[in-house]
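> Have a look at this one before I ask anything.
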Amino acid sequence: MEITQTAKTDDIAKRELQVVRFTRLNRTLHVFMIVSFISLALTGMSLKFSYTGWAVFLSRLFGGFESAGYIHRFAAVVMVSVFIIHLVDLIRMRKKEALTWKELILGENSLLFNKKDLRDFIASIKWFIGKGERPEYGRWTYWEKFDYIAVFWGIFIIGFTGLTLWFPEFFTQFMPGSVLNVTTIIHSDEALLATGFIFTIHFFNTHLRPEKFPMDIVIFTGRIPLEEFKLDRPKEYKELVEKGELEKYLAEPYPEIVIKTIRIFGWTALSIGFSIILWIIYAMLFAYR
Amino acid sequence: MIKAFVFLLTFGVLLVGRAFPQENSDCMTCHEDKTLKGTRGGRTISVFINEKIVSSSVHSEVSCIQCHVDLEGSDFPHAASVKRAACNSCHEDIQKLYDGSLHSRAFNRGDRLAPICQDCHGSHEIISVKNIKSKVAPINVPYLCGQCHKEGSPVQLQRNISQTHILENYSESIHGEGLMKKGLIVTATCASCHTAHEILPHTDSRSSIARKNIAGTCAKCHAEIELVHRKVIKGTLWEKEAAILPACVDCHQPHKARRVFYDQGMADADCLTCHEKKELKSSEDGRSLFVNYSEIKNSKHTNITCSQCHSGVKPSHTRPCDELTTLVDCSSCHTAVQEDYQISVHGILASKNDPNAPTCKECHSNHNILGKLNPKSPIFPINIPNLCGNCHKEGKKAAVRYTGTEKEIIQNYTESIHGKGLLKSGLTVTATCTDCHTAHRELPHIDPSSSINPTNIPATCGNCHHGIQEQFEKSIHSTLVSKSGKKLPTCENCHSAHQIIRADSEGFKQTIMIQCGNCHEEIAKTYFETYHGKVSQLGYTKTAKCYDCHGAHDILPIENPISHLHRKNVVVTCQKCHPSANRQFAGYFTHATHHDPHKYPWLFWTFWGMTGLLVGTFVIAGLHTLLWLPRSLQWRRELKRRQLEKNINNLESTKDGNNTNG
Chain C
1 MEITQTAKTD DIAKRELQVV RFTRLNRTLH VFMIVSFISL ALTGMSLKFS
51 YTGWAVFLSR LFGGFESAGY IHRFAAVVMV SVFIIHLVDL IRMRKKEALT
101 WKELILGENS LLFNKKDLRD FIASIKWFIG KGERPEYGRW TYWEKFDYIA
151 VFWGIFIIGF TGLTLWFPEF FTQFMPGSVL NVTTIIHSDE ALLATGFIFT
201 IHFFNTHLRP EKFPMDIVIF TGRIPLEEFK LDRPKEYKEL VEKGELEKYL
251 AEPYPEIVIK TIRIFGWTAL SIGFSIILWI IYAMLFAYR
Chain Z
1001 MIKAFVFLLT FGVLLVGRAF PQENSDCMTC HEDKTLKGTR GGRTISVFIN
1051 EKIVSSSVHS EVSCIQCHVD LEGSDFPHAA SVKRAACNSC HEDIQKLYDG
1101 SLHSRAFNRG DRLAPICQDC HGSHEIISVK NIKSKVAPIN VPYLCGQCHK
1151 EGSPVQLQRN ISQTHILENY SESIHGEGLM KKGLIVTATC ASCHTAHEIL
1201 PHTDSRSSIA RKNIAGTCAK CHAEIELVHR KVIKGTLWEK EAAILPACVD
1251 CHQPHKARRV FYDQGMADAD CLTCHEKKEL KSSEDGRSLF VNYSEIKNSK
1301 HTNITCSQCH SGVKPSHTRP CDELTTLVDC SSCHTAVQED YQISVHGILA
1351 SKNDPNAPTC KECHSNHNIL GKLNPKSPIF PINIPNLCGN CHKEGKKAAV
1401 RYTGTEKEII QNYTESIHGK GLLKSGLTVT ATCTDCHTAH RELPHIDPSS
1451 SINPTNIPAT CGNCHHGIQE QFEKSIHSTL VSKSGKKLPT CENCHSAHQI
1501 IRADSEGFKQ TIMIQCGNCH EEIAKTYFET YHGKVSQLGY TKTAKCYDCH
1551 GAHDILPIEN PISHLHRKNV VVTCQKCHPS ANRQFAGYFT HATHHDPHKY
1601 PWLFWTFWGM TGLLVGTFVI AGLHTLLWLP RSLQWRRELK RRQLEKNINN
1651 LESTKDGNNT NG
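Protein chains in written order, with the numbering used here: chain C, 1 to 289; chain Z, 1001 to 1662.
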């Protein structure tokens, strides 16, 4: 009897309700983002660090530089599509929730920085150095917002310079050819920054920080255990409870098999990301010329 | 004039109208007059006698009447018709010879073209045959005889003479060449064979050129001719049985005797009496002395006899080779080849008696010498790599002593484009060892006259690749164009010596950029920093490589209007790969570096701007993360503690619930 009891309790604990944080579309978009980003990084870095053996290996793996080039440009199109779909989704959301443009951009749930983010940032630093409590982070933390905005910046910078390199004959009709040399540097170094940032800072902030270690799968499942949510985003939780909207966001967790699949995918993405970082470090330290 | 002559004759008769033996001075009284005329055969001729000529002739001591015997004792002035001078009063024996001759008989027949003494020797001016000015001095004889016997002369046209072009043939013959070109006056002239006076047709058995007498005639000069003609005449046989044997002229055309070797063969049989025995061995070292005669007959030397090569044999000996010590010297015929060989590495080694040195027979074999067009020949193009490989293969005697940088020469050649063409496709015009190194004049590359010396390599390769040589020699890499004294590349620097592969093969395309980079270090480095170079480094050759833009063999400085990169041509060059390239497109820096703030300030500052952004971002984000880490760990423990608390609470509440229910 005792054993059955315990098992039952565990089951209940596991089947605990979760809070939905991301829509299905956003989750899908992030998967596409991951796949296209990693493709871009692998194919792009193989060219940037072409003087390393790894680059040669990767280039062959992708079926040669030409096919790697096609993959690179295809992935770029995918990523830009993700970006555009997201923008369209934002507009749709505005209509659906009957928000004004101002509310959308500067509202509570906007991903743009606001005064609270500055306060949170200062409070966080204080917390880090032991001079305060953990700030009560809201719907989006400032580091999440930074990641989000960085994508905007990156898409425009890397995207535009990428286009000049994709269609040099078109662009040189109204730009000097040496602009291509400049855009090459910008494209390549900005991509290095993006890759480096995502695979180290973003990975740490989201997955590797001890309370989430080894990974946070919320972006794939879209839901977070209620208890964890309470602790991680106390402000948002409070607001939801106050508004009485919490019930609206509660959902059953995904079955174990889905979680497992997600974890395999997550691990793959993480491993590739870390491999790229190791490769970049190796290339910059030992093989740079 | 005639009046004066008649007057003088009459005056003379009146003045000296008596008979007494004349002195020369008596004759000269009249004949020293330069205007004195007489008649002969109805024609008026000068009868002036230049006493100086007579006194400097061989007949200076002879008085007029000794020759003009009919005038002896005659009165002044003598009769108008005078007999011909009588040479036979002194030269009786010669007259006899002449009388039997063809010329004499013709003369007696009244042939106006027949020569008499004076026609050849002259009259008063006769000088010693030893005097080069004499008409019958050996050096002048062909011209003398030629007066009548040259082509187109009345004698040649009207008389029945079987030989034609006598003078031309003679002048080209070894005799004529000796006499007329070399001035060798002991060589045979017309008179040497035909005699001077007793000239007879060869059909006359007394003639010096009659078949049975020819040997004797020739042997007057070629005294020991039997010794070298043993193959034909076997010593004495020639003279004994002249009728059944060939006469000299059967082989050596009468007027065309040339310095050539004629079909011969009999002496080979002499040699073979011993050497065709398979068991014949050298008494010295026991090596077989058997000669496979059919080999020689099927070889290039089929018409060459044993003794022509084994020239030390003594035909008069019972065993002609008993004293033979000298080795065969091929240079007696192949002089030019020998001259090349002597200065070659092989020849120099041979002259030092180096046992490793190859001599003629190492490559050409000894008796079985086949031409280079014969597929069975060791020097047939396809067999050459093997032939040279006998010594130059790794581990063989030449490879062992070689100290240069080339390794696995034969193996590499075999796998090269030349080697494949030759050995796999059987393309015999492909370059083999000898096409580059020459066949007989192999010299090390450091020798300025070597075919593989850097300055000569373009010409050597150009023997086949002429078009490329032409391009190359106009390019900046040619020593004919660049006089800077810097080391310049030749064909071999890019294509290698023995490992030459097709220029359109992946391997070649990959290595060529490194080859260019060996000298153009900086420019190659910056190439690899741009897109083209980066792709190339990945192992793909579709993007532009050095030669796609600069040209391969026709590389020229960009100032040159025909350079591929001249302002006028550069867009077209880009368009080879980028069809819609324009002027601005061509402004792309294909050798850009972001390390040079002076040359490429834009690139330099963009790079450092981007690097600053990158470093700045990572420093701030990295610090944030590092500071976060300890708190995050603490937070994790906190979360665990709370979870645990909650679990316990849950458990307790469940228990409570159970108790209540139960």
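A virtual CB, placed ideally from N, CA and C, is assigned to each residue, including glycine.
Quick one: is Z:L1623 buried, meaning 16 or more other Cβ sit within 10 Å of its Cβ, or exposed?
Here residue 1623 of chain Z corresponds to residue number 623 of the second sequence, with the count starting at 1. Classification for Z:L1623: exposed.
> Three-state secondary structure (DSSP) at C:T23?
By 1-based counting over the first sequence, the position of residue 23 of chain C is 23. Note: C:T23 maps to coil in three-state DSSP.
> Using only alpha-carbon positions, find the residue among Z:H1091, Z:Q1471 and Z:K1509 that is nearest to Z:D1554.
As a working note, residue 1554 of chain Z is residue 554 in the second sequence. It is Z:Q1471 whose Cα lies nearest to the Cα of Z:D1554.
> I believe Z:G1426 touches Z:I1410 by the beta-carbon criterion, under 8 Å. Please report the beta-carbon distance rounded to the nearest angstrom.
Translated into the one-based positions of the second sequence, residue 1426 of chain Z becomes position 426. Translated into the one-based positions of the second sequence, residue 1410 of chain Z becomes position 410. 18 Å between Cβ atoms; not a contact.
> Going by beta carbon distance, what residues of the same chain come within less than 7 Å of Z:G1533, once the five residues before and after it are set aside?
As a working mapping, residue 1533 of chain Z is identified with position 533 in the second sequence. The residues are Y1527.
> Can a CB atom of chain Z be found closer than 7 Å to the CB of C:S67?
Within the first sequence, residue 67 of chain C is the residue found at index 67, counting from 1. With 7 Å as the cut-off, C:S67 does not count as an interface residue toward chain Z.
> Under the three-state reduction of DSSP, which class applies to C:I157: helix, strand or coil?
Here the question's residue 157 of chain C lines up with position 157 in the first sequence. C:I157: helix per DSSP, three-state reduction.
> What are the partner residues of C:R60, as DSSP defines its beta bridges?
The sequence position of residue 60 of chain C within the first sequence is 60, counting from 1. The partner list for C:R60 (beta bridge, DSSP) is empty, contrary to what the question assumes.
> If you draw a straight line from the alpha carbon of Z:K1568 to that of Z:P1561, how long is it in whole angstroms?
Locating residue 1568 of chain Z in the second sequence gives position 568, counting from the first residue. Locating residue 1561 of chain Z in the second sequence gives position 561, counting from the first residue. Using only the alpha carbons, I get a separation of about 7 Å.
> Nearest-angstrom Cα distance between Z:N1298 and Z:I1304?
The count along the second sequence starts at 1 and reaches residue 1298 of chain Z at position 298. The count along the second sequence starts at 1 and reaches residue 1304 of chain Z at position 304. Whole-angstrom Cα-Cα distance: 11 Å.
> C:P253 touches chain Z at which residues, Cβ-Cβ below 9 Å?
Counting from one through the first sequence, the residue named residue 253 of chain C turns up at place 253. Per Cβ cutoff of 9 Å: no residues; C:P253 is ~16 Å from chain Z at best.
> Give me, in chain order, the residues of the same chain whose beta-carbon lies closer than 8 Å to that of Z:E1506; leave out the 5 immediate sequence neighbours on both sides.
For the purposes of this step, residue 1506 of chain Z is identified with residue 506 of the second sequence, where counting begins at 1. Cβ neighbours of Z:E1506 beyond the five flanking positions: T1541.
> Z:T1044 by DSSP, collapsed to three states: which one?
Stepping through the second sequence from its first residue, residue 1044 of chain Z is reached at position 44. Looking at Z:T1044 - three-state DSSP - the assignment turns out to be strand.
> Can you name, in chain order, every residue of its own chain whose Cβ lies under 7 Å from the Cβ of Z:H1301, other than the five neighbours on each side?
Position 301 of the second sequence, counted from the first residue, corresponds to residue 1301 of chain Z. Around Z:H1301, the same chain offers I1369 as residues with beta carbons nearer than 7 Å, after the five sequence neighbours per side are excluded.
> Roughly how many whole angstroms lie between the Cα atoms of C:P214 and C:R27?
As a first step, residue 214 of chain C must be located in the first sequence, where it is residue number 214. As a first step, residue 27 of chain C must be located in the first sequence, where it is residue number 27. Approximately 19 Å between the Cα atoms of the pair.
> Would you kindly report the start and end of the unbroken alpha helix (DSSP H) that includes Z:P1458?
To locate residue 1458 of chain Z, count along the second sequence from 1; it is residue 458. Taken as a continuous stretch (DSSP letters only), the alpha helix (DSSP H) holding Z:P1458 covers I1457 to G1462.
> Would you say Z:F1604 lies against chain D (beta-carbon separation less than 7 Å)?
The chain labelled as chain D is not found among the protein chains of the depicted structure, namely C and Z.
> To which residues of the same chain is C:E136 closer than 6 Å at the C-beta, ignoring the five residues directly before and after it?
Taking the first sequence and counting its residues from 1, the one referred to as residue 136 of chain C is at position 136. Excluding residues within five positions, the ones whose Cβ falls inside 6 Å are P234 and K235.
> Tell me the residue span of the alpha helix (DSSP H) that contains C:I105.
The residue you call residue 105 of chain C lines up with position 105 of the first sequence. Unbroken alpha helix (DSSP H) run through C:I105: W101 to L106.
> Name the residues in the region 1518-1540 of chain Z whose C-beta lies less than 9 Å from a C-beta of chain C; which are they?
K1525, F1528, E1529, T1530, Y1531, G1533, K1534, V1535, S1536, Q1537, L1538, G1539 and Y1540
> Given a cut-off of 7 Å on the beta-carbon distance, is the pair Z:K1372 and Z:I1382 in contact?
Counting from 1 along the second sequence, the entry for residue 1372 of chain Z is found at position 372. Counting from 1 along the second sequence, the entry for residue 1382 of chain Z is found at position 382. Not closer than 7 Å, so no.
> Looking only at its chain, what residues have a beta carbon closer than 7 Å to the beta carbon of Z:L1556, apart from the 5 residues adjacent to it on each side?
Locating residue 1556 of chain Z in the second sequence gives position 556, counting from the first residue. Cβ within range, chain order: S1475, I1476, I1562 and S1563.
> Looking only at C-alpha atoms, which of C:V182, C:E144 and C:V151 sits nearest to Z:Y1588?
To locate residue 1588 of chain Z, count along the second sequence from 1; it is residue 588. Considering only alpha carbons, the answer is C:V182.
> Could you spell out where the alpha helix (DSSP H) holding Z:I1409 opens and where it closes?
Counting from 1 along the second sequence, the entry for residue 1409 of chain Z is found at position 409. Taken as a continuous stretch (DSSP letters only), the alpha helix (DSSP H) holding Z:I1409 covers I1409 to E1415.
> Compare the Cα-Cα distances from C:I294 to each of Z:Q1634, Z:G1612, Z:T1625 and Z:V1572 and report the closest residue.
Absent from the model: residue 294 of chain C. The displayed extent of chain C is 1 to 289, so no value can be given.
> Z:N1582 touches chain C at which residues, Cβ-Cβ below 8 Å?
Indexing the second sequence from 1 puts residue 1582 of chain Z at position 582. The answer, in chain order, is E169, T172 and Q173.
> I'd like to know whether the C-beta of C:F286 is nearer than 7 Å to at least one C-beta of chain Z.
The sequence position of residue 286 of chain C within the first sequence is 286, counting from 1. So, not an interface residue.
> What is the residue span of the alpha helix (DSSP H) that Z:P1320 lies within?
Against the second sequence, residue 1320 of chain Z aligns to sequence position 320. It is not in any alpha helix (DSSP H) - Z:P1320 carries neither H nor E in the DSSP assignment.
> What residue does the alpha helix (DSSP H) around Z:I1384 start on, and which one ends it?
As a working note, residue 1384 of chain Z is residue 384 in the second sequence. From DSSP, the alpha helix (DSSP H) with Z:I1384 extends over I1384 to H1392.
> Quick one: grab the DSSP three-state call for C:A251.
By one-based count along the first sequence, residue 251 of chain C stands at place 251. It is a strand residue.
> Considering only their Cβ atoms, is the gap separating Z:V1069 from Z:A1086 smaller than 7 Å?
On the second sequence, residue 1086 of chain Z is found 86 positions in, with the first residue counted as 1. On the second sequence, residue 1069 of chain Z is found 69 positions in, with the first residue counted as 1. Yes.
> Any residues in the region 218-231 of chain C with a beta carbon nearer than 8 Å to a beta carbon of chain Z? Which ones, in chain order?
E227, E228 and L231
> What are the start and end residues of each continuous alpha helix (DSSP H) run of 4 or more residues lying completely inside the region 1567-1625 of chain Z, in chain order?
1570-1575
> Between the Cα of Z:W1635 and those of C:F167, C:W127 and C:V258, spot the shortest distance and give me the residue it belongs to.
Position 635 of the second sequence, counted from the start, is the residue given in the question as residue 1635 of chain Z. Comparing Cα-Cα distances from Z:W1635 to each of C:F167, C:W127 and C:V258, the minimum goes to C:W127.
> Among all the DSSP beta bridges, which residues are the ones paired with Z:K1281?
As a first step, residue 1281 of chain Z must be located in the second sequence, where it is residue number 281. Z:S1288, per the DSSP bridge assignment.
> Quick one, which residues of the region 44-63 of chain C are near chain Z if we go by CB-CB under 8 Å, in chain order?
S46, L47, K48, S50, Y51, A55, V56, S59 and R60
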